[in-house]
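Colleague: One structure, pasted below without further comment.
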Amino acid sequence: MESNRLAIIIPAYNEQDTIGNVVKEIFDILGLDVNVIVANDCSKDATSKLASAAGATVLDLESNHGYAKAIERGLDYAAENLGVDYLLTMDADGQHDPRSISAMYQKAIDDNCDLVVGQRPSCARVSERLYSAYFKFKFKFKVNDPLSGLKLYKASLYKQHGYFESYDSIGTEILASALVRGKMVAQVPIVIRERQDTAPRFGGMWKANARIFISLLNTMKRYR
């Protein structure tokens, strides 16, 4: 794997319990020449220090931007400064196994994919399953897990789109745009592990389902 062609972007907010191990594991598995960018979203703990000590390039955001904007800052930095061909987003909580990255990267290379979605074994929430059903129906493509946080983009695709999201698409806007434009999109099964932290990304069950339902409605309005 020519890992210097890949940049991995990890948004992180108060992830001191996991971020060091997440970054170290990436280097251990993928090699030291991979580009790891941690977008530290104004954490109040030692996230920045521990990510840097583990070898990541840390972008210390001046204020709390939220998950999506932190990803966007990382993507922009990598696309503008690193000269890489592929950009990958992953979470800081330890659920994403870095071994899955190799499979996604290889799929992108072998099939000249513009975007590769890391498909989780299952979707826990009803709202997530509805999101998946909508993507299958609307875009005539079997994207089983559009809400997966592990996605790989061609840098050229991201540059063409110009931003991560313009509304709370929960990371699906570039995917939907790519499908509409007939870009080469694929999915690869990935390994999901137990969370190493305690704070779920979307909050509690009711809050999470409400947010996902609202996002789905906004996506449906956009592509009706």
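In the numbering used here, each residue's number is its place in the sequence shown (first place is 1) plus 334. C-beta atoms are modelled at their ideal positions from N, C-alpha and C, and glycine is treated no differently. Quantities reported herein were computed from a predicted structural model and do not represent experimental measurements.
1) Hey, could you find the ends of the alpha helix (DSSP H) alanine 412 is sitting in?
2) Quick one: what does DSSP say asparagine 398 is sitting in, helix, strand or coil?
3) Quick one: what's got a C-beta closer than 8 angstroms to glycine 389's C-beta in the same chain, skipping five residues either side?
4) Helix or strand or just coil, what does DSSP make of valine 372?
5) Going by other Cβ atoms of all chains shown within 10 Å of its Cβ, with 16 needed for buried, is proline 455 buried or exposed?
6) If you follow the alpha helix (DSSP H) that lysine 472 is part of, which residue opens it and which one closes it?
7) Quick one: using the 10 Å Cβ neighbour count with 16 as the cut-off for buried, is phenylalanine 471 buried or exposed?
8) To which residues of the same chain is asparagine 398 closer than 8 angstroms at the C-beta, ignoring the five residues directly before and after it?
9) Return the residue from the list Leu364, Ser466 and Ala520 that minimises the CA-CA distance to leucine 550.
10) Measure the CB-CB distance between alanine 510 and tyrosine 557 and report whether it falls below 8 angstroms.
11) Could I get the ranges of all uninterrupted beta strand (DSSP E) runs contained in the stretch 476-510, with 3 residues as the minimum, in chain order?
12) For a test of the three-state rule: what should DSSP assign to leucine 550, helix, strand or coil?
13) Leaving out the 5 sequence neighbours to the left and right, which residues in its chain are closer than 6 angstroms to leucine 481 when beta-carbon positions are compared?
14) Based on DSSP bridge pairs, tell me the residues matched to glycine 452.
15) How many Å lie between isoleucine 502 and glycine 400 at the Cα?
16) Which residue or residues does DSSP assign as beta-bridge partners of tyrosine 420?
17) So for alanine 442, helix, strand or coil by DSSP?
18) In the DSSP assignment, what are the bridge partners of leucine 393?
19) Just grab the DSSP bridge partners of proline 345 for me.
20) Near aspartate 379, which residues of its chain fall below 6 angstroms by C-beta distance, leaving aside the five closest residues on each side in sequence?
21) Mind checking whether alanine 489 and leucine 422 have CB atoms under 8 angstroms apart?
22) Check the C-beta distance from alanine 460 over to phenylalanine 469 and give it rounded, since I have them as a contact under 8 angstroms.
Modeller: In short:
1) 401-415
2) coil
3) Val357, Lys358, Phe361, Leu366 and Val370
4) strand
5) exposed
6) 460-473
7) exposed
8) Tyr347, Asp375 and Cys376
9) Ser466
10) yes
11) 485-488
12) helix
13) Glu462, Tyr465 and Ile504
14) Val522
15) Correcting the residue identity first, residue 502 is aspartate in this sequence and not isoleucine. Their Cα atoms are separated by approximately 11 angstroms.
16) Leu340 and Lys488
17) helix
18) Ala373
19) Ala373
20) Asn348 and Gln350
21) no
22) With the sequence shown as reference, residue 460 is identified as valine, and alanine is not the correct amino acid for it. Their Cβ separation, rounded to whole angstroms, is 15 angstroms, which puts valine 460 and phenylalanine 469 out of contact at 8 angstroms.
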